[in-house]
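Asker: Counted the way this note's numbering counts, the sequence shown spans residues 18 to 322.
In this text, a Cβ means the ideal position worked out from N, Cα and C, and glycines have one as well.
Structure below; questions to follow.
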Amino acid sequence: MKDPEDSHPPSAPSASSRFPFPAIITRNNALGPMITQNEKPPHGRPFLFSITRRILEKIIFQNLIDVNDNLGKQIETLYSYWFNQFNFPNENGAPYSDSNGFTKWNSHIKRQIPKSWEVKNIRDITNLTWGQCPQGEHIFPDNMTADNLFDYCSGAGDMNGGLLVDCQGKTDDSKRFAYPNDILISIAGKIGNMCLVDHKISLGRAALAFTAKDQEIIPYIYMTLKSLNKKIVTVSTGSIQKVISDTNVDDFNFPYSEEIVKKFCLCANPLFHKIIKLEQEKKELIRLRNWLLPMLMNGQAIIED
């Protein structure tokens with residue numbers, strides 16, 4: 018997946034440091050601005066307001082109409098039918114549970130599961146990376162730029178902005194890393210927040226990363242961890258502050274069928290990839306908006322449609 022940090026306007030110097038006169042920003046299809054010097058802009062601020070408003074409206078459209086939410090609900094519904102209600106298609110294409118499919122009692126997770134299924138722990142399908150914090154003097158604001166800085170995920174606060182991690186700081190003293198397609202959960206403070214990693218980040222001790230042993234079943238792993246959310250919160254321990262420890266992960270168990278998981282991911286992967294793409298686009302639009310607004314306020318730029 019493309020790292021949004023690789024190419025976006027906010028990392029560039031301000032227009033005032035480059036141009037003695039207002040600049041024209043011409044949009045291209047990728048929403049990447051091209052900046053040219055212009056002594057006398059042909060349009061004034063109202064036009065810039067108009068273009069900026071269109072960007073804001075597109076962000077609002079994504080948030081309110083929320084295509085991603087609809088796609089996510091499709092994945093959630095399918096997961097619920099197949100892995101909670103066990104109404105996956107049987108050999109005749111009929112819903113297994115509704116067609117009187119045989120189940121058996123499993124004492125480990127204390128529920129009925131299809132007779133051919135087994136119970137697995139999250140360690141069976143993922144590798145775990147426990148975060149470790151850098152020293153405080155090595156943590157910087159997220160607008161800092163340097164070759165030795167990595168986005169830093171400290172915990173729940175970096176996992177509440179959508180599907181993708183939204184790091185609020187940077188560090189030059191990384192102890193542990195998470196990588197693209199890792200799934201994060203917050204394990205201290207506000208336990209149970211979740212997100213997906215789309216670029217290499219530094220991992221703090223309030224975050225736990227799950228790396229899929231099979232990259233093709235990432236949507237299943239994500240939805241399984243989401244379905245275990247209440248248990249994750251319940252099994253947390255600690256007298257002063259509740260946390261998730263390695264021992265608690267022993268309780269992250271679930272019914273499993275390799276055949277059904279693969280069928281589920283054949284359906285879910287295209288939707289999951291679409292969600293990721295739209296989330297990345299939304300982040301780019303927000304970055305572009307944040308870059309444009311100061312230009313608008315100080316009259317340094319106009320935008321030609």
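Is the stretch 160-168 touching the stretch 182-196, taking contact as three or more C-beta pairs under 8 Å?
Answerer: Yes, the stretch 160-168 is in contact with the stretch 182-196.
Asker: With a cut-off of 8 Å, do at least 3 Cβ pairs link the stretch 113-124 to the stretch 85-103?
Answerer: The answer is yes - the stretch 85-103 touches the stretch 113-124, with three or more Cβ pairs under 8 Å.
Asker: Does the contact criterion of 3 or more C-beta pairs under 8 Å hold for the stretch 253-262 versus the stretch 200-215?
Answerer: They touch, by the three-pair rule.
Asker: How is Val-260 classed by DSSP in three states: helix, strand or coil?
Answerer: Translated into positions along the sequence shown, residue 260 becomes position 243. Three-state result, Val-260: strand.
Asker: Let me make sure I understand the geometry here. Which of Ala-195, Glu-275, Gln-297 has the alpha-carbon closest to that of Trp-134?
Answerer: For the purposes of this step, residue 134 is identified with residue 117 of the sequence shown, where counting begins at 1. Trp-134 has its Cα closest to that of Glu-275, out of Ala-195, Glu-275, Gln-297.
Asker: Provide the residue span of the beta strand (DSSP E) that contains Asp-168, from first to last.
Answerer: Residue numbering aside, residue 168 sits at position 151 when the sequence shown is read from its first letter. Counting along the chain, the beta strand (DSSP E) containing Asp-168 begins and ends at 167-170.
Asker: Where Tyr-96 and Tyr-196 are concerned, what is the direct C-alpha to C-alpha distance, given to the nearest angstrom?
Answerer: As a first step, residue 96 is located in the sequence shown; it is residue number 79 there, counting from the start. As a first step, residue 196 is located in the sequence shown; it is residue number 179 there, counting from the start. Taking the straight line joining both Cα atoms gives about 25 Å.
Asker: Between the alpha carbons of Asn-55 and Ala-163, how many angstroms are there, rounded?
Answerer: As a first step, residue 55 is located in the sequence shown; it is residue number 38 there, counting from the start. As a first step, residue 163 is located in the sequence shown; it is residue number 146 there, counting from the start. Unreliable positioning characterises Asn-55 in this predicted model, as indicated by a pLDDT of 43, which lies under 50. The coordinate reading is nonetheless provided below. Answer to the nearest angstrom: the Cα atoms are 31 Å apart.
Asker: For my contact list, Glu-296 and Leu-201 are in at a C-beta cut-off of 8 Å; report their separation, rounded to the angstrom.
Answerer: Indexing the sequence shown from 1 puts residue 296 at position 279. Indexing the sequence shown from 1 puts residue 201 at position 184. Incorrect: roughly 14 Å between the Cβ atoms, too far for contact.
Asker: How is Phe-119 classed by DSSP in three states: helix, strand or coil?
Answerer: Your numbering for residue 119 matches position 102 in the sequence shown. Three-state result, Phe-119: coil.
Asker: As a quick exercise: from Pro-287, Phe-281, Met-240, Asp-215, pick the residue whose alpha carbon is nearest that of Pro-106.
Answerer: Start at 1 with the first residue of the sequence shown, and residue 106 comes out as number 89. Nearest C-alpha to Pro-106: Phe-281.
Asker: Below 8 Å on the Cβ atoms is my contact criterion, and I expect Leu-213 with Ile-293 to pass it. Report the Cβ-Cβ distance as a whole number of Å.
Answerer: Here residue 213 refers to the residue found at position 196 of the sequence shown. Here residue 293 refers to the residue found at position 276 of the sequence shown. Right, the Cβ-Cβ distance comes to about 7 Å (below 8 Å), so this counts as a contact.
Asker: I need the DSSP call for Trp-99, collapsed to helix, strand or coil.
Answerer: Translated into positions along the sequence shown, residue 99 becomes position 82. The answer is helix: DSSP assigns Trp-99 an H, G or I state.
Asker: Alpha carbon to alpha carbon, what distance is there between Leu-283 and Leu-302?
Answerer: Here residue 302 is taken as the residue at index 285 of the sequence shown, counted from 1. Here residue 283 is taken as the residue at index 266 of the sequence shown, counted from 1. Taking the straight line from one Cα to the other gives about 30 Å.
Asker: May I have a chain-ordered list of the beta strand (DSSP E) segments no shorter than 3 residues that lie completely inside the stretch 166-253?
Answerer: Runs found: 167-170, 186-188, 200-203, 211-213, 218-220, 224-229.
Asker: Which term fits Met-176, buried or exposed, when burial requires 16 or more other beta carbons within 10 angstroms of its beta carbon?
Answerer: Taking the sequence shown and counting its residues from 1, the one referred to as residue 176 is at position 159. It is buried - the Cβ of Met-176 has at least 16 other Cβ atoms within 10 Å.
Asker: Who are Thr-143's beta bridge partners in DSSP?
Answerer: Position 126 of the sequence shown, counted from the start, is the residue given in the question as residue 143. Thr-143 pairs with Ala-229.
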